[in-house]
Structures are given as C-alpha cells and as structure tokens.
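Quick note on full-length UniProt numbering: the sequence shown kicks off at 1 and runs consecutively.
We treat Cβ as the ideally placed atom computed from N, Cα and C, and that holds for glycine.
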Amino acid sequence: MSAKKASPFTQKLTAINQEMSQQFNKKHSRSLRVASASGALNFLVGSGKLVLGLLSLSLITCVSAFYTFGMASGKYMILRGSLKPLETQFRYYRYSGIILIITSLLYSAYSLHLLIDPVTTTYDMNVALIIATFTFIEIGLGIRGVIVELKNHSLLIHGLKMINLASALVSLVLTQTAILSFSDSQTSLHPTANGLFGVLMGFCSAFLGCLMLIRIHRLEKKQATKKQAPK
C-alpha cells in the first residue's frame with residue numbers, strides 16, 4: 001500500500017526545514033524547525049475548527065478557523081524570509097506584521113457585528129467539548145512558542161512570538177464561546193460578552209502587529225544609517 005502523499009503546504013515546510021538546517025547554527029535552526037512544525041499544526045487545527053464550524057453551522061467557529069489560517073500564513077512568511085538576505089528578511093517580517101494586523105482587524109469587525117446584531121451560539125455538548133479542545137491546543141501552542149523563545153530576541157523569532165501570542169489571545173474568544181454555551185443562565189448576554197471580548201482580543205492582536213511594523217521600521221532606519229556611515 002503506497003504512502004499517502006504529503007500536502008503541498010507540508011512539502012513546503014519540509015523543504016524549508018532542510019534549507020534551514022544547512023544555513024543556520026544548531027540552536028537557531030532548531031527554533032525555526034519547531035516554528036515550522038507549529039505552523040503545520042496550526043493549519044491542521046484551523047482545518048479541524050472549520051469542519052466543526054460547518055457541521056455545527058457556527059459562523060464564529062469558521063471565522064476563528066480563518067484567523068488560524070491567517071496566522072499560519074504569517075508564520076510561513078517568516079520562515080520563508082529566514083532563508084533570505086537581511087534586507088529581504090525585513091520585507092517578509094513586515095508582510096507578517098501586515099497579515100497580523102489585517103486578520104486581527106477583520107476579526108474585530110466580525111466581533112463588533114455580534115455586538116450590533118447579537119446571535120446566540122449554541123453547541124451540542126460533544127461539539128462544544130471538541131471545539132474547546134482545539135482552542136486549548138492552539139492556546140497551548142501559542143503560549144509555549146512565546147515561553148520557549150523568551151530569551152531569543154532575533155528578528156524572525158520575535159515575529160513568531162508575536163504571532164503565537166496573537167493566536168492565543170484570539171483563541172480565548174472561541175474558548176469562552178464554547179464554555180458559555182454550557183450555561184443556561186443569562187443566555188441573552190452571551191453574544192454581547194463574546195462580541196466584546198472578540199473586539200478586545202482582536203485589537204490587542206492588531207496592536208502586536210503594529211509593534212512588529214514599528215520594530216522593523218527602526219531596524220531599517222538603523223541599517224540605512226550604517227550604510228551611510230563613512231568606512
């Protein structure tokens with residue numbers, strides 16, 4: 001029986017892993033390989049949430065899934081940039097920051113819609129538990145990614161930490177939604193609570209993206225000053 005062919009996304013990440021092993025020192029290469037595996041797992045978690053959202057007809061779960069895909073794309077940008085010259089790394093880092101800002105603001109816009117036009121979300125008990133499991137996995141991945149590389153201040157690892165933290169923040173919203181669906185009290189307030197929390201977490205995540213753009217602007221300015229300095 002032939003082995004199942006890997007998806008194009010997985011093949012890309014595998015190719016990046018091989019190139020990173022050749023170009024970076026052992027510690028830095030390990031960090032980026034872990035990030036590569038994390039991106040692939042994010043993609044799988046997002047796919048799982050999308051399937052659950054479609055099966056349960058839950059728009060908020062589908063929106064959360066697309067946010068996860070956006071974060072996986074941001075990680076992929078950073079990993080691709082890690083193989084490029086420094087100036088190109090700056091560009092990929094900026095792309096990741098822009099992706100983070102756009103996806104976070106879109107998520108906030110959807111959450112704001114929940115405040116304006118509340119829709120109560122209800123889940124079957126089993127579906128709610130599965131959704132909570134997926135979101136806890138994503139939160140765990142995000143927090144672990146931040147803690148493990150806490151002392152690593154390199155540009156690309158910093159970008160990965162920002163994306164991991166943003167993923168964890170937004171995943172808290174879906175976790176709250178799943179948990180509140182268990183409650184029978186004050187159900188009319190659930191959409192408002194979910195919407196308000198979603199707007200807050202979305203703006204916090206967008207702020208992380210803005211910090212990335214500010215950081216890269218300063219680094220580019222510093223790099224330009226070095227080039228202009230007399231040798």
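Using only the alpha-carbon positions, how far apart do residue 93 and residue 46 sit?
In the sequence shown, counting from the first residue as 1, residue 93 sits at position 93. In the sequence shown, counting from the first residue as 1, residue 46 sits at position 46. Approximately 22 angstroms, taken between the alpha carbons.
Does the separation of the CB atoms of residue 104 and residue 209 fall below 9 angstroms?
By 1-based counting over the sequence shown, the position of residue 104 is 104. By 1-based counting over the sequence shown, the position of residue 209 is 209. Yes.
Quick check: what's the CA-CA separation for residue 162 versus residue 139?
Counting from one through the sequence shown, the residue named residue 162 turns up at place 162. Counting from one through the sequence shown, the residue named residue 139 turns up at place 139. Answer to the nearest angstrom: the Cα atoms are 13 angstroms apart.
Could you tell me how far apart the beta carbons of residue 78 and residue 160 are, in whole angstroms, since I believe they sit closer than 8 angstroms?
Within the sequence shown, residue 78 is the residue found at index 78, counting from 1. Within the sequence shown, residue 160 is the residue found at index 160, counting from 1. Confirmed, Cβ separation roughly 6 angstroms.
Report back the beta-carbon spacing between residue 112 and residue 199 to the nearest angstrom; my notes put them in contact at under 8 angstroms.
The residue given as residue 112 occupies position 112 in the sequence shown. The residue given as residue 199 occupies position 199 in the sequence shown. Residue 112 to residue 199, Cβ: 5 angstroms. Contact.
Alpha-carbon spacing of residue 224 relative to residue 216, whole angstroms:
Translated into positions along the sequence shown, residue 224 becomes position 224. Translated into positions along the sequence shown, residue 216 becomes position 216. Roughly 12 angstroms between the two C-alpha positions.
Residues near residue 203 in its chain [Cβ-Cβ closer than 6 angstroms; skip 5 each side]
Within the sequence shown, residue 203 is the residue found at index 203, counting from 1. Annotation for residue 203: 108 place their beta carbon closer than 6 angstroms to its own, counting only its chain and skipping 5 residues before and after.
Hey, out of 212, 127, 141 and 201, whose CA is closest to residue 39's CA?
Here residue 39 is taken as the residue at index 39 of the sequence shown, counted from 1. For residue 39, the nearest C-alpha among the options comes from 141.
Determine, for residue 78, whether the minimum Cβ-Cβ distance to residues of chain C falls below 9 angstroms.
As a matter of chain content, chain C is missing from the structure shown, which is built from one protein chain.
Sequence-distant residues of the same chain with beta carbon closer than 7 angstroms to residue 95, five excluded per side
Reading the sequence shown from its first residue, position 95 is the one you call residue 95. Cβ within range, chain order: 77.
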